[in-house]
Structures are given as C-alpha cells and as structure tokens.
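S.K.: In the working numbering, the protein residues as written are 8 to 464.
Could you have a look at this structure, given as structure tokens, before my questions?
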Ligand SMILES: *Cc1c(COP(=O)(O)O)cnc(C)c1O
C-alpha cells in the first residue's frame, strides 16, 4: 500500500537535522519544528523530496522567528501604536527598573520596622497626588481595573451598572464594555440612545438594584451633530444624592494639558474627573500617561481600600518590574516642572519634538544616504497621530521621508523595510512609501540610513 512506501521515503530526523545545522534559532526549537513537519507529512501520508521538506522546515522556522518579541522602528507616525507596543519607555525609566530587578528590593518590606510591608506605598501616594485623589492603586491594565471595580461594587442585591448607550464601546481587539461587564458578574442597565442620553434617563434607571453609574470615554471615535449627554457635575450630583458610586473609565489618562500642544484637543484628566465628582477614575498606564502596561485607579480612600482588599486584587496586581517603571514615570511627572522637556517620559518627548528638528533630521538622513539606484528619496510635511484609542480628532504636524522606485511597487519596498534588522514599519500613501520621523527616535536615524542604502541591493 501507498502508506508504507511513502513513509519509507520520508527522510530521517537525523538527516533533516544535519541539513539544519546552520539554523540560528535555538536547537530545541529547530528539532521541535522539524519533528512537527515530519509528523504532518506522516499524517497526510504524502511523500516529498528531501529538499522540499527541508525548505518547509526552514519556512516554518522563519515564521516562528518573526514572532519573536524584538525591537522595531516605528515609522508609522502613530505614537501610541497598539500593535507596536504602545508607549515606549525612556532609558532612564528602564535604568531604574533594571536597578530594582537585578537586585533584591523592598517590594513588600518595611525598612523602618524591619517587618513585612505593603507593595507600592510610595507609588500610590505619587499617583494619588498627580490625580488630585485621596488614594490610588495600580493593577495589570485598565481592563483589569474595570473588572476589579465592577466585582467590588456590583455584588449582593446591587448588581446593575448604568451605562449610556452612547458609551457601550469596543476598544481595540476584543475589549467590549458590555462583555467586560458580563464577565465580572455585573448586569448592564443601558440608558438613553446612541446619540442622546439625558440626566433624566439616568435618574429614571436608578433602582435599589443599582450598583454604580459608569461613564466610559469613547476613546477611539467621536460623535458630532445631534448629540447630548449630561454635564459631568450634574451626573455626579445625581449619583451623590442617590448614594450611588460614580466611576469614570477615562481610558487614555492624560496627566498633562494636551491642548497646550498645538494640534491636540483637550483631553479630560483624572484630576478634572475627580474634581467634578467621580468617586473613582480608571486609566491605562501605557497610553497618554506614557508608562508601562498598567491600570491605574484613583479616587476615594474608602473605595480604594475596599478594592485592595478584594481577593481578586491579588490576581491582577502589578509585579516589581511594572511597579518600578510606574514609579519612575510618576516621579518624572512629579519632579519635572515641564514634563515635556524632562526627557524621562519618552512619549512626551516625541509629542513635543518641533517640526524644525524633524525637518533637520530628514535633510541629514537624505544627504547621508546620497543617491541610490532606481530609488527616489525625498521628504515632506505630514501628520502624526496619537493612536491607541486616544484623541481621535487630533493630529500633530510631522515630517516624513518618501521612498519611490521606478522598478518596485510601494508594497515591495514596505516589505523589504520590514525584513530589515531591525524591522522598519512604514506606510503607503498615494502609492508611495512614507517613513514618519515623529515616531522614530533620533538615535535610530543611522539605522534608517543603512536600511535605505540597502534598498539598492
Ligand atoms: C484603552 C481603554 C481600556 C483598556 O485599557 P488597557 O490598559 O489596554 O486594558 C479601557 N477603557 C477605555 C475607555 C480605553 O480607552
């Protein structure tokens, strides 16, 4: 029968591995992939030539290798790029992380008494100060913060969470407010309509089952035209009169006045939300705040203490690396009179770079690359965006290199740049490849120069 004949034709593992001696990936991974490919062929009962099998293994190893977490150059002009790791951290923040991580530290140790202590005391005080809050806590991400808050506040008889129909949003891949609510055991009580929700809508939906009122930042879109929602202080008054907690999920969490930067609209800050009467605010650590992935909760001392006592808190708490990075980021906000110029919050430095400087860099890159065969290089003014579901209406002026070729399609150039080490991620606009310099660090310019020169090969 065909089966035994074809199986005999499969090369042995030893043979196959010998041919893969030069592979750069760790040997156990090469062996595992080779074994997988052979097993697949055996299952399908098909025979292939040795070269074809070796090349199938090789291809799978390349697929695996490209998924290895590695630095890339973000030339997309999207500052908080969710696919590219959101906010990058500064060298100074990482120096402090490394210092704590490579040594023992006082993570849960009280140095004065020499006894067991709490995590993050200093960090929480700093965050609370920045947010104008009585207290604060940090967890794994903003989604976790929301689940924790819902689990804590929606329990027993009170399980209903009131949310406007205009705020039942999806953020990025798979984060949907109604699903998050359901998964935390709360019951969604929708009020109003997509475009209009009034104070009366909220008032009418309050019942003995109401656990909290949740306001959600729309984040990645905006509504214009025939729209209405109650002003926040009025909603806060209603909540306080009815003794119902009011929680605002701010999403991006800017701790600076975004409208001080030309091109950016005003983003509601945690401080503003609490001043206007929210009991708790939640936001991400790695969006406009410019820190590591985290979910920050700030507000009433009593509620924060309750949250930290939840058994679930343990499941979503931050590890020492994140706490160290958050602490360094918080400190740079606290100590810098002008966080933009501090050079410690990498994101803010990129946001505030002047277009003159970007243009200067573009000229210098072009003159360093010189002429390349069949490639036409230039630069022009362009726009950068915040991304990450923040400030969808805003853009920052920027400068982008343009790369055209008579012989190559834009898509081919783009993918050649992605194959560069480190990979360079650009974009196509008007059938031309653009490399936006606002998201490229100045020290990466030499890498861009080398990659552009290599396009000629
Ligand atoms: C981004 C966002 C989240 C999710 O934050 P993560 O830190 O990614 O979990 C939650 N709510 C809103 C409104 C957001 O914009």
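Heads up, the beta-carbon is just placed ideally off N, CA and C, and yes, glycines get one too.
What is the C-beta distance between residue 386 and residue 408, in whole angstroms, given that I count them as a contact (C-beta under 8 Å)?
M.R.: For this step, residue 386 is matched to residue 379 along the chain shown. For this step, residue 408 is matched to residue 401 along the chain shown. That belief holds up - the Cβ atoms of residue 386 and residue 408 are roughly 5 Å apart, short of 8 Å.
S.K.: Let me make sure I understand the geometry here. Which of 32, 36, 64 and 31 has the alpha-carbon closest to that of residue 47?
M.R.: As a working mapping, residue 47 is identified with position 40 in the chain shown. When each option's Cα is compared against that of residue 47, the closest is 64.
S.K.: Can you tell me whether residue 259 sits near ligand 1, meaning its C-beta is under 7 Å from at least one heavy atom of the ligand?
M.R.: For the purposes of this step, residue 259 is taken as residue 252 along the chain shown, with counting starting at 1. Yes, the Cβ of residue 259 comes within 7 Å of a heavy atom of ligand 1.
S.K.: In the DSSP assignment, what residue or residues form a beta bridge with residue 144?
M.R.: Position 137 of the chain shown, counted from the start, is the residue given in the question as residue 144. DSSP, once it has assigned bridges, lists 304 as partnering residue 144.
S.K.: Between the C-alpha atoms of residue 45 and residue 398, what's the straight-line distance to the nearest angstrom?
M.R.: Within the chain shown, numbered from 1, the residue matching residue 45 stands at position 38. Within the chain shown, numbered from 1, the residue matching residue 398 stands at position 391. Each residue's Cα considered, the two are about 50 Å apart.
S.K.: Count the other CB atoms, across all protein chains shown, that sit within 10 Å of the CB of residue 18; report buried if there are 16 or more and exposed otherwise.
M.R.: The sequence position of residue 18 within the chain shown is 11, counting from 1. Per the 10 Å Cβ criterion, buried.
S.K.: Using a Cβ-Cβ cut-off of 6 Å (strictly less than) and excluding sequence neighbours within five positions of residue 438, which residues of its own chain qualify?
M.R.: Taking the chain shown and counting its residues from 1, the one referred to as residue 438 is at position 431. 417, listed in sequence order.
S.K.: Measuring only from the beta carbon, is residue 223 closer than 7 Å to any heavy atom that is part of ligand 1?
M.R.: Here residue 223 corresponds to residue number 216 of the chain shown, with the count starting at 1. For ligand 1, at least one heavy atom lies less than 7 Å from the Cβ of residue 223.
S.K.: Can you tell me whether residue 168 is buried or exposed, with buried defined as 16 or more other CB within 10 angstroms of its CB?
M.R.: Within the chain shown, residue 168 is the residue found at index 161, counting from 1. Flag for residue 168 reads buried.
S.K.: How about residue 140: is its Cβ closer than 7 Å to a heavy atom in ligand 1?
M.R.: Mapped onto the chain shown, residue 140 falls at position 133. No, Cβ of residue 140 sits at least 7 Å from all heavy atoms of ligand 1.
S.K.: Check for me: the beta strand (DSSP E) holding residue 1 runs from which residue to which?
M.R.: With the chain represented from 8 up to 464, any question about residue 1 goes unanswered, as that position is not in the structure.
S.K.: Does DSSP put residue 343 in a helix, a strand or coil?
M.R.: The residue you call residue 343 lines up with position 336 of the chain shown. It is coil, neither helix nor strand.
S.K.: Whole angstroms is fine: what's the gap from residue 86's alpha carbon to residue 291's?
M.R.: Here the question's residue 86 lines up with position 79 in the chain shown. Here the question's residue 291 lines up with position 284 in the chain shown. About 15 Å.
S.K.: Please report the straight-line C-alpha distance between residue 309 and residue 317, rounded to a whole angstrom.
M.R.: Within the chain shown, residue 309 is the residue found at index 302, counting from 1. Within the chain shown, residue 317 is the residue found at index 310, counting from 1. Cα to Cα, the separation comes out at about 13 Å.
S.K.: Between 245, 204, 340 and 211, which has its C-alpha nearest residue 262's C-alpha?
M.R.: Stepping through the chain shown from its first residue, residue 262 is reached at position 255. If we check each option's Cα against that of residue 262, 340 comes out closest.
S.K.: Identify every residue that forms a DSSP beta bridge with residue 288.
M.R.: Start at 1 with the first residue of the chain shown, and residue 288 comes out as number 281. Answer is 255 and 305, bridged to residue 288.
S.K.: Let me know the secondary structure DSSP gives residue 88 once reduced to three states.
M.R.: Taking the first residue of the chain shown as 1, we reach residue 88 at position 81. Residue 88: coil per DSSP, three-state reduction.
S.K.: Got a sec: does ligand 1 put a non-hydrogen atom nearer than 7 Å to the Cβ of residue 296?
M.R.: Stepping through the chain shown from its first residue, residue 296 is reached at position 289. No - ligand 1 has no heavy atom lying nearer than 7 Å to the Cβ of residue 296.
S.K.: Tell me whether residue 449 sits in a helix, a strand or coil according to DSSP, three-state version.
M.R.: For this step, residue 449 is matched to residue 442 along the chain shown. Residue 449 falls in the helix class under three-state DSSP.
S.K.: Give the secondary structure of residue 163 by DSSP, where H, G and I count as helix, E and B as strand, and everything else as coil.
M.R.: Against the chain shown, residue 163 aligns to sequence position 156. Coil.
S.K.: Measure the beta-carbon distance from residue 288 to residue 257 and round it to whole angstroms, keeping in mind my assumption that it falls under 8 Å.
M.R.: Sequence index remark: in the chain shown, residue 288 carries index 281 (1-based). Sequence index remark: in the chain shown, residue 257 carries index 250 (1-based). At roughly 6 Å, the Cβ-Cβ gap stays under 8 Å, so residue 288 and residue 257 are in contact.
S.K.: Going by DSSP, what residue range makes up the alpha helix (DSSP H) through residue 247?
M.R.: Taking the first residue of the chain shown as position 1, residue 247 is located at position 240. Unbroken alpha helix (DSSP H) run through residue 247: 239-248.
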